[in-house]
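Input: a single structure, listed below in structure tokens.
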């Protein structure tokens with residue numbers, strides 16, 4: 347009985363246990379089924395989704411920055427180039443204490459206060475994750491020294507990069523400009539112009555000068571490398587590659603040697619010089635003095651140096667040739683004379699009697715000639731040769747502002763020349779409309795009088811005046827001035843020439859042109875205002891001097907250079923073309939506070955012409971400022 | 109004795125089917141480890157050493173008569189408890205948790221010992237009171253379970269605590285705990301969930317929350333889950349091929365030789381490979397169930413059942429964690445993940461299963 351019960355209990359117990367085991371098996375089967383369903387979901391239904399994720403995990407598109415195009419002068423001399431060098435860069439996100447990292451680095455590698463300041467500026471402008479440069483142009487020794495200690499600096503790395511370099515430095519600073527790090531505004535601009543993709547990976551963009559204006563040509567096309575990366579972002583292997591296309595090479599119409607001579611001829615003078623080939627608009631020299639060294643700008647100039655440049659009274663960052671606006675002074679007279687002939691206001695031989703003072707009919711206001719007592723009996727030829735103010739006061743008054751405006755517009759006054767550089771200013775050719783808009787005043791006859799000698803409201807840029815001079819030299823056929831002669835494609839096939847077709851022809855009577863030419867040649871001959879300009883020259887120079895007032899003189903006051911603060915002295919102009927009978931070069935020289943065109947500006951022009959026409963390199967230049975200022979215009 | 113007889117003696121207590129299943133999984137382990145270690149032999153060689161040690165221990169246990177095994181229950185359990193208390197008092201902190209005990213010559217993780225110790229002790233206890241089981245006995249057995257689990261949870265090592273709880277619960281369940289009590293426990297568990305939640309550490313909460321939306325913290329806690337899911341999902345039906353897993357070989361998968369080794373396998377062998385792997389596990393589990401059903405004593409039934417079910421649970425939890433349906437808890441994939449301790453614990457368990465299977469007749473007669 348007992349045995350039976352035990353046996354039964356045992357059986358029951360086994361049965362219960364087996365039941366529980368079956369439940370357990372069911373439980374396990376459920377677990378297995380759950381896994382199987384999950385795997386099927388992930389690997390069959392969502393496979394393509396995860397496949398994409400895995401691919402984007404593993405594949406990175408690395409932009410390959412193209413080499414920036416070179417800039418050469420018309421003879422192949424290099425004005426902007428690239429060289430490869432090493433930089434030391436700090437990855438912000440991987441470096442905890444940047445300050446102490448730099449301090450430790452400076453024990454290994456020379457880090458100047460300038461470097462630190464520049465780095466600080468970069469840091470302030472950055473978005474908190476970029477890699478920023480602390481030192482550039484590392485020597486091989488420095489690279490080796492750092493490499494040995496690299497483990498101590500997890501966020502610091504050495505990078506090989508291409509650097510921009512401007513071999514002529516200051517001489518071509520305003521012409522070439524410089525590149526610099528892309529800023530936020532430029533990022534937005536690139537995005538607006540749909541160019542952002544091509545700048546993936548680019549750190550630099552043209553900021554001023556031709557570097558800016560020809561950015562599209564110089565930058566090139568960014569290549570793309572598809573690389574497999576690991577979780578740390580390190581490239582493991584390359585999958586595919588689209589090669590970058592280097593930027594196009596610019597071949598300038600500028601003659602670097604001429605540019606150099608022109609720049610040096612200024613000595614200590616501030617000012618500008620623009621020389622143009624009148625036959626085709628090619629700009630041969632484009633100088634703004636003083637210049638600056640563009641090289642420090644590339645990697646971000648440090649604040650102190652920037653302030654020095656920016657706050658200098660010499661305004662070295664201002665491109666005077668392109669943007670400086672000055673009264674043209676007497677350089678306007680040949681153009682006024684042509685206007686007078688064109689509208690038949692004056693015949694060439696017609697003379698006036700110059701007593702040294704001009705009165706408007708019914709007015710007692712005096713308009714004085716620069717020469718006390720006047721030039722006596724003066725015809726057009728003489729008026730230009732001796733720069734007689736009284737002659738042109740009368741001529742302008744008789745022409746009237748409307749005729750002056752319409753005629754001088756043809757020579758490009760008051761308009762941008764359309765040169766291939768951004769930032770040009772348009773100068774000012776006054777008109778009745780303009781005065782009404784600007785001052786809500788009607789035009790008075792008295793306004794016209796001073797316009798006649800290029801004072802008044804007139805403003806020109808050196809470039810504008812050069813364009814006008816070139817057009818005059820080319821018998822009224824105007825060519826758009828351009829700095830770039832040819833854009834050479836890096837692919838070698840599609841070279842682009844900047845068009846040398848004339849803009850328009852002013853159709854000036856050859857007789858009139860001949861008269862003006864002879865008068866302008868006389869300017870550089872004994873009896874003219876710029877005798878020094880052609881002294882001993884084996885070719886004829888047609889020129890005209892000019893003076894731009896910096897401070898207006900009171901009625902009856904006499905100009906005395908020696909009594910006036912240097913920076914308030916008049917600016918000196920000289921426009922010229924040569925050889926007079928078959929012009930190959932037309933140029934404008936502006937010497938700020940140079941006082942007198944014939945004395946300071948003309949000798950500079952002569953050196954440039956001598957080199958361009960004769961290949962004559964000037965002797966080491968004497969201090970131009972010490973030159974005697976005997977003449978006046 | 110001939111050499112043949114010697115061999116017969118040697119393998120007499122080894123269950124061939126179970127050994128076959130285990131061997132297949134171990135070979136898979138070496139294969140996957142080689143890939144997970146970026147085609148280096150370092151870890152596979154170490155793992156071979158681990159396997160050799162663990163297999164030896166398995167052989168020893170398989171040859172151990174059952175009454176010896178029973179006799180070890182109390183000392184192992186008490187020793188384990190002593191160590192756990194020692195860890196709580198003097199343990200070394202590593203990764204923010206106090207799990208290791210430095211014994212001078214080696215550091216040990218007593219919770220690993222308790223994976224065997226707890227069910228062993230509980231099975232022993234039920235065997236002792238087999239004839240007169242009342243609710244009180246279940247209660248005492250539960251205490252035997254909850255004491256070490258509580259200590260381990262405090263370390264904190266929630267994953268191990270839960271898995272030991274599971275193995276203890278299987279003992280209770282197989283010992284016949286009434287359905288009503290189980291139901292009551294289940295309801296009580298649900299009710300106390302908010303309280304338990306509040307007791308969790310922040311990182312633990314985070315891991316659970318991450319399950320619902322791993323992208324919330326894609327580079328932090330969600331990273332493991334996301335990268336593992338990508339690895340598994342991108343494997344597709346047939347896999348990317350051996351040694352061709354991009355997630356694996358490009359370092360995207362974290363902990364890919366240990367807890368996340370399944371993602372490596374899954375990426376390279378795909379859904380088909382997963383089915384094969386699941387079949388291998390199912391085979392081992394099936395064999396464990398058969399052995400359990402053969403087991404002759406109360407103790408062996410409970411022990412065999414608990415070992416088998418725990419093995420199944422480990423497998424499920426690890427694969428569930430890697431494929432993103434369970435929170436990330438530190439549970440290795442049994443028999444495949446790199447590591448000596450878990451290998452040893454598992455094979456000791458299988459040794460016991462073999463011993464149970466080979467000694468069933470002896471007990472019966």
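Protein chains in written order, with my numbering: chain H, 347 to 979; chain U, 109 to 473. Ideal Cβ placement from N, Cα and C applies to all residues, glycine included. These numbers come from a predicted model, not from an experiment.
{"Check": "So what's residue 675 of chain H in DSSP terms, helix, strand or just coil?", "Outcome": "helix"}
{"Check": "Find the nearest neighbour of residue 914 of chain H within the set H:423, H:659, H:780, judged by alpha-carbon distance.", "Outcome": "H:659"}
{"Check": "Let me confirm a value: residue 115 of chain U is counted as buried when at least 16 other C-beta atoms fall within 10 Å, else exposed. Which label applies?", "Outcome": "exposed"}
{"Check": "Taking 9 Å as the threshold (beta carbon to beta carbon), is residue 415 of chain H in contact with chain U?", "Outcome": "no"}
{"Check": "Among residues of its own chain, excluding the 5 on either side of residue 748 of chain H, which ones have a beta-carbon nearer than 8 Å to its beta-carbon?", "Outcome": "777, 778"}
{"Check": "Which same chain residues, not among the five before or five after residue 447 of chain H, have their C-beta less than 8 Å away from its C-beta?", "Outcome": "436, 441, 499, 501, 502"}
{"Check": "Quick one, which residues of the segment 562 to 590 of chain H are near chain U if we go by CB-CB under 8 Å, in chain order?", "Outcome": "574, 575, 576, 577, 578, 582"}
{"Check": "Taking residue 340 of chain U as the query, report the chain H residues whose CB atoms sit under 8 Å from its CB, ordered along the chain.", "Outcome": "385, 388, 389, 396"}
{"Check": "Within 10 Å of its beta-carbon, does residue 348 of chain H have 16 or more other beta-carbons around it, so buried, or fewer, so exposed?", "Outcome": "Here the model assigns residue 348 of chain H a pLDDT of 43, short of 50, so the residue's position is not dependable and the matter cannot be decided."}
{"Check": "In the segment 338 to 365 of chain U, which residues sit with their C-beta less than 7 Å from some C-beta in chain H, listed in chain order?", "Outcome": "338, 340, 341, 342, 343, 344, 345, 354, 355, 358, 359, 360"}
{"Check": "Of all the CB atoms in chain H, is at least one closer than 9 Å to the CB of residue 400 of chain U?", "Outcome": "yes"}
{"Check": "Is the segment 401 to 418 of chain U touching the segment 277 to 291 of chain U in the sense that three or more CB pairs, one from each, lie closer than 8 Å?", "Outcome": "yes"}
{"Check": "State the beta-bridge partners of residue 586 of chain H as determined by DSSP.", "Outcome": "H:572"}
{"Check": "Quick one: is residue 589 of chain H buried, meaning 16 or more other Cβ sit within 10 Å of its Cβ, or exposed?", "Outcome": "exposed"}
{"Check": "Establish whether the CB of residue 362 of chain H and some CB of chain U are separated by less than 9 Å.", "Outcome": "yes"}
{"Check": "With hydrogens ignored, establish whether the beta-carbon of residue 693 of chain H is closer than 8 Å to any heavy atom of the ligand ATP.", "Outcome": "Ligands are entirely absent from the displayed structure, and the ligand ATP is therefore not among its contents."}
{"Check": "Report the partner residues of residue 828 of chain H according to the DSSP bridge assignment.", "Outcome": "H:628"}
{"Check": "I want to see whether chain U comes within less than 9 Å of residue 357 of chain H, judged by CB atoms only; does it?", "Outcome": "no"}
{"Check": "Per the DSSP calculation, residue 509 of chain H is bridged to which residue(s)?", "Outcome": "H:429"}
{"Check": "Return the residues of the segment 399 to 413 of chain H that lie within a Cβ-Cβ distance of less than 7 Å from chain U, sorted by chain order.", "Outcome": "399, 400, 403, 404"}
{"Check": "Is there a Cβ of chain H sitting closer than 9 Å to that of residue 171 of chain U, yes or no?", "Outcome": "no"}
{"Check": "Pick from H:755, H:796, H:712: whose alpha carbon is nearest that of residue 743 of chain H?", "Outcome": "H:796"}
{"Check": "Rounded to the nearest angstrom, what separates residue 120 of chain U and residue 165 of chain U at their Cα positions?", "Outcome": "16 Å"}
{"Check": "Verify whether the separation of the beta carbon atoms of residue 126 of chain U and residue 392 of chain U is less than 9 Å.", "Outcome": "yes"}
{"Check": "Going by beta carbon distance, what residues of the same chain come within less than 7 Å of residue 561 of chain H, once the five residues before and after it are set aside?", "Outcome": "551, 552"}
{"Check": "Mind checking whether residue 793 of chain H and residue 781 of chain H have CB atoms under 9 Å apart?", "Outcome": "yes"}
{"Check": "Could you tell me whether the Cβ of residue 370 of chain H comes closer than 9 Å to any Cβ of chain U?", "Outcome": "yes"}
{"Check": "Can you give me the Cβ contacts of residue 184 of chain U inside the same chain, cut-off strictly under 8 Å, excluding the 5 residues immediately before and after it?", "Outcome": "221, 224, 225, 228, 229"}
{"Check": "Using 8 Å as the cut-off, can you tell me whether the segment 378 to 385 of chain H makes contact with the segment 562 to 581 of chain H, which would need three or more C-beta pairs spanning the two stretches below that distance?", "Outcome": "no"}
{"Check": "Would you check if there are 3 or more beta carbon pairs closer than 8 Å linking the segment 565 to 577 of chain H to the segment 403 to 416 of chain H?", "Outcome": "yes"}
{"Check": "Who does residue 680 of chain H pair with in a DSSP beta bridge?", "Outcome": "None; residue 680 of chain H has no bridge partner."}
{"Check": "Contact between the segment 615 to 630 of chain H and the segment 931 to 950 of chain H is defined here as three or more beta-carbon pairs at a separation below 8 Å; is this criterion met?", "Outcome": "yes"}
{"Check": "Apply the 10 Å Cβ neighbour rule to residue 718 of chain H and answer buried if 16 or more other Cβ atoms are within range, or exposed otherwise.", "Outcome": "exposed"}
{"Check": "Within the same chain, show all residues whose beta-carbon is closer than 6 Å to that of residue 738 of chain H, passing over the 5 residues directly before and after it, in chain order.", "Outcome": "679, 682, 798, 799"}
{"Check": "Please check if any C-beta of chain U sits within less than 9 Å of the C-beta of residue 380 of chain H.", "Outcome": "yes"}
{"Check": "How is residue 815 of chain H classed by DSSP in three states: helix, strand or coil?", "Outcome": "helix"}
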